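Under this note's numbering, the first residue of the sequence shown carries the number 3, and numbering increases by one thereafter.
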Amino acid sequence: MKGSGERLKWLKEESLEERYREGFLWKRGRDNGQFLSRKFVLSEREGALKYFNKNDAKEPKAIMKIEHLNATFQPAKIGNPHGLQITYLKDNSTRNIFVYHEDGKEIVDWFNAIRAARFHYLQVAFPGASDSDLVPKLSRNYLKEGYMEKTGPKQTEGFKKRWFTMDDRRLMYFKDPLDAFARGEVFIGSKENSYKVLEGLPPSTQGNHWQHGITIVTPDRKFLFACETEDDQLEWITTFQKVISRPMLPQEYAVEAHFKHKP
């Protein structure tokens with residue numbers, strides 16, 4: 003690992019070199035799960051990462067704004083040692099893209115280019131912030147991922163097994179770990195804003211489910227989850243508690259407001 007000062011120097015150099023990058027990555031198809039070679043272009047001038055379905059395509063298949071871009075290595079999930087999960091916001095919902103490259107250095111270079119682009123974007127967006135404040139915001143790993151069971155808002159529907167990802171304050175759930183879009187997202191605020199996590203489920207809970215329950219209380223409703231093992235339950239509760247004990251940032255109130263107005 004590079005030391006903090008060394009890392010900042012490297013990021014500044016990288017951000018000068020990596021203002022534009024293009025190349026081919028193997029991308030997982032949203033519907034059929036096949037990995038196909040796709041052209042990717044990262045342009046700081048345009049403030050976006052784009053990919054194209056065809057070599058000669060004029061219009062990109064997707065435009066991912068650097069402002070909302072995240073990248074995290076996911077070799078086990080993707081099934082390739084050089085697997086990278088890229089996420090961005092589309093209509094304020096999270097979209098996943100799974101890619102890899104045969105050459106480990108190439109995928110690391112893409113990861114670093116995304117971080118460098120994020121660094122430069124954040125320097126402009128937060129001119130008063132020190133470099134050391136910005137570095138933790140360049141990319142983030144998920145706080146926790148794994149299977150839980152969930153029931154619907156009426157809490158009378160059956161429990162269904164879903165793959166959950168805790169990404170900062172967004173708890174997302176998917177039918178499959180490699181789905182492009184989440185089936186749903188829950189905003190987890192702070193205890194000062196009436197969010198809390200409880201061990202167990204309400205006594206009135208119906209239906210068959212795993213025995214280790216978790217209840218998340220938000221200002222609007224309760225969310226009920228069930229874990230297969232006690233260890234899993236403890237890990238999820240600890241993760242939720244860490245998020246809830248953290249005071250909310252001004253920009254997080256805007257995200258919370260959007261969740262409240264979701265249809």
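Each residue gets a CB set at the ideal place from its N, CA and C atoms; glycine is no exception.
These figures come from a predicted structure and were not determined experimentally.
Opposite residue i in the DSSP bridges: which residues?
i      : result
THR217 : LEU200, LEU226
LYS92  : SER95
ILE68  : Its beta-bridge partners do not exist; DSSP assigns none.
VAL101 : LYS29, LEU86
Could you please give the first and the last residue of the uninterrupted alpha helix (DSSP H) stretch that includes residue i?
i      : result
TRP112 : 106–127
Looking at the secondary structure, which residues open and close the beta strand (DSSP E) in which residue i lies?
i      : result
THR241 : No beta strand (DSSP E) contains THR241, which is instead part of the alpha helix (DSSP H) from 232–246.
ALA73  : 72–75
SER45  : 37–45
LYS52  : 50–54
TRP28  : 22–30
Between the Cα of residue i and those of the options, spot the shortest distance and give me the residue it belongs to.
i      : options                        : result
PHE166 : LYS156, GLY154, PRO179, VAL245 : PRO179
ASP222 : LYS79, LYS139, ALA259          : ALA259
ASP58  : LYS41, TYR149, ASP234, ILE80   : LYS41
ASN34  : PHE242, GLU194, VAL245, ASP181 : ASP181
GLU147 : VAL257, ARG23, GLU237, LEU51   : GLU237
LYS60  : LEU124, MET66, LYS52           : LYS52
ALA50  : LYS67, PRO62, GLN36, PHE37     : LYS67
SER247 : GLY154, ASP170, GLY106         : ASP170
GLU194 : TYR255, LYS56, ARG47, ILE109   : TYR255
ARG21  : ARG120, GLU151, LYS177, ILE216 : ARG120
GLY25  : MET168, PRO83, LYS56, PHE176   : LYS56
LYS63  : VAL43, ASP93, PHE242           : VAL43
ALA127 : HIS70, LYS107, ASP233          : HIS70
LYS244 : ILE216, ASN143, GLY191         : GLY191
LYS139 : ARG117, GLY154, PRO155         : ARG117
ASP234 : ILE216, PHE225, LYS224         : ILE216
ILE65  : GLU48, ARG164, GLN125          : GLU48
GLN36  : TYR144, PRO155, TYR149, GLY81  : GLY81
LYS152 : LYS224, LEU38, SER39, VAL257   : LYS224
ASN98  : THR220, PHE176, VAL257         : PHE176
TYR123 : GLU46, SER39, PHE242           : GLU46
LYS156 : SER206, ALA78, MET168          : SER206
ARG142 : MET150, ARG164, MET168         : MET168
PRO83  : SER95, SER196, ILE109, THR96   : ILE109
VAL137 : TYR144, GLN125, LEU145         : GLN125
SER95  : LYS79, LEU145, PHE189          : PHE189
PHE242 : ARG23, MET174, PHE261          : MET174
Quick one: does residue i have its CB under 9 Å from some CB of chain C?
i     : result
ARG23 : Note that chain C does not occur in the displayed structure, where there is just one protein chain.
* **Contiguous beta strand (DSSP E) assignments of at least 3 residues, all confined to the region 132–196** => 146–152, 162–169, 172–176, 186–189
* **At least 3 beta-carbon pairs within less than 8 Å: the region 181–188 vs the region 200–211** => no
* Asked: Per the contact definition of three or more C-beta pairs closer than 8 Å, is the region 132–143 in contact with the region 88–98?
  -> Not touching, per the Cβ criterion.
* Counting pairs of beta carbons, one from the region 102–118 and one from the region 54–74, are three or more of them closer than 8 Å? -> yes
* Is there contact between the region 24–32 and the region 94–110, where contact requires at least three CB pairs shorter than 8 Å? -> They touch, by the three-pair rule.
* To do: Inspect the CB distances between the region 211–229 and the region 247–257 and report whether three or more fall short of 8 Å.
  => no
* Hey, is the region 203–212 in contact with the region 156–166, meaning 3+ C-beta pairs nearer than 8 Å? -> These segments touch.
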